[in-house]
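Below is one structure, written out as structure tokens, with a few remarks after it.
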Amino acid sequence: MKRRVGLLALTLLLSVSMILSACSGNSGGADDDAASDGKVSLSFWTLFDGGDGANMQALVDEFNKTHPDIEVKNTKLAWGEYYTKLVTAVGNGNGPDIGISHSSRLPDLIDQGVVTELDTPAADAGVDWNSYNQNLLSAVTVDDQHYAVPIDTHAFIMFYNKKLLKEAGLLGEDGKPVLEQSADGFVSFLKTLKEKLPAKVTPFALSNNNDDPFRLWWSLYSQLGGNDVISDDLKSAAIDKEKGIQAADYIQKLYTEGYIKKNDPDFYKNFQSGTAAMTMTGVWTTGTWESTKDFEFGAMPIPKFYDQEATWGDSHTIILPLTQDEDEAKRKAAMIFADWVADNGQVWAKAGHIPSKPSVLEKQEFKDMPYRSDYSEVASVVKFSKKSTKTAQIREEVAFKFLNEVWVNKMTPADAMNNMEAGIQKILSE
Amino acid sequence: MKFKKMRTEMQALVFLLPFLIVYVLFTIWPMIKGIEMTFYKWTLIKKMDFVGLDNFRKVLQDREVWEAIWHSTFFVFLSTPTMIILAIVLALIANRKSALQKFYRIIFFIPSVLSVAVAAYLGLFVFQPYTGFVNSVLHLIGLLPQNSEIFWLTETNLAWIVITVVTLWWTVGFNFILYLSALQEIPDEIYEAARLDGASDSQIFWRITLPYLSPLTKTITMLQIIASYKVFMQIYVITGGGPLDQTRPIIQLIYQTGFRNNNLGYAATMSYILFFILLVLSVLQYWMNNRKGVDR
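Chains as they are written, first to last, in this note's numbering: chain C, 469 to 898; chain X, 52 to 347.
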């Protein structure tokens with residue numbers, strides 16, 4: 469009998485302790501700051517994997533080595549869950565001291581009160597805002613206040629397979645494509661590729677849905693002088709339908725006339741394995757192509773199809789999420805770190821990103837890396853999206869949805885623009 | 052006597068207590084909290100505005116919500132009968148005395164141990180154009196001309212077939228195991244007697260086997276309906292809800308609304324609509340089963 473009571477007590481004890489530990493399981497690494505030696509400890513959440521992740525870790529390690537009084541602890545989170553985790557963690561007071569944000573996501577984070585403006589700690593840390601690319605900086609500035617430190621631009625650029633271009637007689641002496649910079653010029657470039665190369669070679673490798681064709685559409689739309697799809701007061705849809713139709717129609721024809729492979733299940737692989745003459749995607753793939761054996765490729769800004777140069781791009785930035793104590797010493801240390809990362813953009817550029825400080829572009833280390841200098845100038849012509857809290861939602865739930873139908877030739881560009889206008893308006897009115 | 056009974060009950064309670072505490076804390080409490088959320092504009096970081104019944108009013112007029120509920124319902128219709136019929140067929144195959152008996156049991160069950168992401172990605176690779184297994188086989192046997200491809204994921208109807216086939220392949224093993232054990236519990240004497248009386252195989256199946264399985268079938272039907280209403284992950288991986296949101300189930304919309312678009316209050320409202328549907332179905336099923344019981 470006695471033994472049984474003992475067993476019961478044990479069961480109870482175990483269950484209670486289990487519940488207690490479940491409730492208190494969120495004591496992250498954020499609180500073990502300010503050790504007795506006066507060292508500032510900073511928790512840093514990132515969303516990078518693969519090459520990006522390794523480069524960021526290298527930066528953090530190097531920083532910790534050269535800054536004995538600051539220690540940055542890098543926590544890698546999965547890309548798909550990053551923003552949700554960041555927002556909920558900051559919401560219940562367990563957020564990190566430093567975080568990463570895309571500049572397109574920043575307005576939403578500002579609106580939700582997740583990030584803090586950082587002019588005071590930046591001044592303390594001696595950050596010189598003039599040392600940054602001003603186009604990038606304007607993407608992180610709201611009401612004259614800085615909310616993030618940009619560390620790169622990752623823009624939409626063009627890659628080409630030198631061997632195949634040569635075979636088609638389209639590679640110049642300088643190793644650059646022979647290509648007239650216009651809408652018609654690009655089509656005749658593709659036409660030659662299609663005629664001169666074996667049938668199994670795709671002239672232009674591109675996916676048939678979501679991000680990359682959207683980026684191309686955004687670039688052409690911007691080159692035509694199209695306004696953002698949201699009005700200046702951020703309250704209504706302001707899509708310039710005529711220009712949107714023209715851009716969508718041009719891209720649709722690339723699919724229907726067979727320059728882009730229909731429903732390509734893996735266009736990266738298509739280009740990487742040498743069965744596609746060219747592709748357009750983000751600069752972050754440079755590192756991937758580079759590490760491919762026997763792959764001769766070139767990189768350049770996307771052609772100037774229309775009146776003005778423009779391309780799609782976003783930017784990785786370092787942010788200071790709202791924390792419970794708002795410790796000034798920590799915030800200053802965080803800014804020292806952020807500015808240092810930007811200063812050492814040549815490391816970050818290994819993946820292919822364009823550094824955010826023009827001075828980095830002048831460093832020998834950067835110049836010694838192939839390809840990067842061929843496209844680094846596009847940082848100044850990137851057309852960032854409007855600083856709306858709804859940008860990501862509009863892109864993913866409206867633009868992708870209808871444009872995808874255009875690419876598979878199931879919706880006319882005109883219908884797509886009308887649907888997009890209505891969809892954008894609905895989201896903005898919510 | 053009475054004291055003894057009370058003591059047994061007390062003991063039972065003590066043993067149940069750990070479960071009860073966890074259950075209340077992680078199931079009942081969130082459900083109550085969820086009801087509270089439906090009355091607020093509630094974001095991920097709890098910026099709250101009381102909106103009364105606005106969320107419910109909005110949900111009634113929101114076409115996207117009802118479309119998504121229809122998609123989930125459609126999937127229930129697609130998957131429930133196929134899931135049961137296939138499970139019975141597989142169980143019958145595996146129950147036959149043959150050298151391959153063990154082999155069948157393993158291969159029919161093994162996909163169930165995969166995680167949903169693995170199953171869905173496999174499905175994606177199998178059905179993709181140019182290099183996918185399905186199109187390659189169709190090319191090989193000449194059903195599909197060499198220079199054409201079936202684009203399984205850009206046509207709504209084909210996409211539903213892919214989603215259903217992948218789900219079947221991945222989850223049928225569980226029902227299969229239940230049916231297999233039910234089949235093994237049917238006494239051999241009954242079959243022997245039937246054979247002596249000259250019953251044919253199909254007569255045996257329809258008159259003996261199937262009736263014996265029917266209580267289990269009722270249970271599985273209910274569980275399957277509930278499980279299919281909760282479909283999300285495999286669709287999310289395979290089509291992302293596309294094309295044009297035509298395969299987007301209600302759970303995906305709830306997820307998008309709550310966690311991506313930062314509107315937990317409205318997402319909670321949608322959840323309660325789904326909860327209500329499932330509740331009605333469960334009550335209906337319970338009521339039907341009980342009535343049958345009385346008839347006997």
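Glycine residues also receive a C-beta, built at the ideal position from the N, C-alpha and C atoms.
{"Query": "Starting from Thr749/C, trace the alpha helix (DSSP H) in both directions and tell me its first and last residue.", "Result": "Counting along the chain, Thr749/C falls outside any alpha helix (DSSP H), though it belongs to the beta strand (DSSP E) covering Ala744 to Gly750."}
{"Query": "Spell out a yes or no on whether the stretch 113–132 of chain X and the stretch 304–322 of chain X are touching, meaning 3 or more CB-CB pairs, one atom from each, closer than 8 angstroms.", "Result": "yes"}
{"Query": "Tell me the start and end of each unbroken beta strand (DSSP E) in the stretch 85–154 of chain X that is at least 3 residues and wholly inside, in chain order.", "Result": "91–93 and 99–101"}
{"Query": "Tell me, please, whether the CB atom of Ile96/X is closer than 8 angstroms to any CB atom in chain C?", "Result": "yes"}
{"Query": "So what does His614/C bridge to, in DSSP terms?", "Result": "Thr609/C"}
{"Query": "With Gly891/C as the anchor, note down where its alpha helix (DSSP H) starts and where it stops.", "Result": "Pro881 to Ser897"}
{"Query": "What three-state label does DSSP hand Val540/C in the structure shown?", "Result": "strand"}
{"Query": "Do Pro294/X and Thr218/X have their CB atoms nearer than 8 angstroms?", "Result": "no"}
{"Query": "What residues in the stretch 549–574 of chain C have a beta carbon less than 7 angstroms from any beta carbon of chain X?", "Result": "Thr552, Val555, Thr556, Val558 and Gly559"}
{"Query": "Have a look at Lys631/C and Thr756/C and give me their C-alpha separation to the nearest angstrom.", "Result": "18 angstroms"}
{"Query": "Quick check on Glu60/X - is its C-beta less than 8 angstroms from some C-beta in chain C?", "Result": "no"}
{"Query": "In its own chain, which residues sit with a C-beta less than 7 angstroms from the C-beta of Lys553/C, not counting the 5 before and 5 after it?", "Result": "Leu545"}
{"Query": "For Glu549/C, which option in Gly581/C, Leu515/C and Phe624/C has the closest C-alpha, if you only look at C-alpha atoms?", "Result": "Leu515/C"}
{"Query": "Along the stretch 171–182 of chain X, where does the CB come closer than 7 angstroms to a CB of chain C? Name the residues.", "Result": "Gln179, Pro180, Tyr181 and Thr182"}
{"Query": "Count the other C-beta atoms from every protein chain shown that fall within 10 angstroms of the C-beta of Leu351/X, then say buried if there are 16 or more, exposed otherwise.", "Result": "No statement about residue 351/X is possible, as the shown extent of chain X runs from 52 to 347 and does not include it."}
{"Query": "Tell me, to the nearest whole angstrom, how far the beta carbon of Ile822/C is from that of Ala522/C; I am working on the premise that it is less than 8 angstroms.", "Result": "At roughly 19 angstroms, the Cβ-Cβ gap does not stay under 8 angstroms, so Ile822/C and Ala522/C are not in contact."}
{"Query": "Can you tell me where the alpha helix (DSSP H) holding Ile625/C begins and where it ends?", "Result": "Note, Ile625/C: premise wrong, no alpha helix (DSSP H); beta strand (DSSP E) at Asp620 to Asn629."}
{"Query": "Given a cut-off of 8 angstroms on the beta-carbon distance, is the pair Leu692/C and Lys711/C in contact?", "Result": "yes"}
{"Query": "Measure from the alpha carbon of Asn731/C to the alpha carbon of each residue in Asn560/C, Asn678/C and Ser699/C, then state which is nearest.", "Result": "Asn678/C"}
{"Query": "For Pro180/X, which residues of its own chain have a beta-carbon under 8 angstroms away from its beta-carbon, when the five flanking residues on both sides are left out?", "Result": "Asn186, Glu200, Ile201, Phe202 and Trp203"}
{"Query": "Can you check whether the C-beta of Leu67/X is within less than 8 angstroms of a C-beta belonging to chain C?", "Result": "no"}
{"Query": "Terminal residues of the continuous beta strand (DSSP E) containing Ala593/C?", "Result": "Counting along the chain, Ala593/C falls outside any beta strand (DSSP E), though it belongs to the alpha helix (DSSP H) covering Asp587 to Ala593."}
{"Query": "At least one CB of chain X closer than 8 angstroms to the CB of Gly742/C: is that the case?", "Result": "no"}
{"Query": "Counting only the same chain and skipping the five closest in sequence on each side, list residues whose C-beta sits under 7 angstroms from that of Thr584/C.", "Result": "Leu788 and Leu790"}
{"Query": "When Cβ atoms are compared, which residues of the stretch 722–751 of chain C fall closer than 7 angstroms to chain X?", "Result": "Asn731 and Pro733"}
{"Query": "Counting only C-beta atoms, is Arg114/X closer than 8 angstroms to chain C at any point?", "Result": "no"}
{"Query": "Assuming Pro575/C is part of the alpha helix (DSSP H), what are its boundary residues?", "Result": "Leu574 to Asp579"}
{"Query": "Check Met768/C in the structure and name its three-state DSSP category.", "Result": "strand"}
{"Query": "Would you call the stretch 665–680 of chain C and the stretch 598–607 of chain C in contact, with 3 or more CB pairs under 8 angstroms?", "Result": "no"}
{"Query": "Can you confirm whether Gln649/C, when its beta carbon is compared against all beta carbons of chain X, has any partner nearer than 8 angstroms?", "Result": "no"}
{"Query": "Compare the C-beta of Asn877/C with all C-beta atoms of chain X and state if any pair is closer than 8 angstroms.", "Result": "no"}
{"Query": "Taking only the alpha-carbon atoms, compute the straight-line gap between Ile862/C and Leu577/C and give it to the nearest angstrom.", "Result": "16 angstroms"}
{"Query": "Are the stretch 637–655 of chain C and the stretch 829–836 of chain C touching, with three or more C-beta to C-beta distances below 8 angstroms?", "Result": "no"}
{"Query": "So Gly781/C packs on Val850/C, CB below 8 angstroms; how close in whole Å?", "Result": "3 angstroms"}
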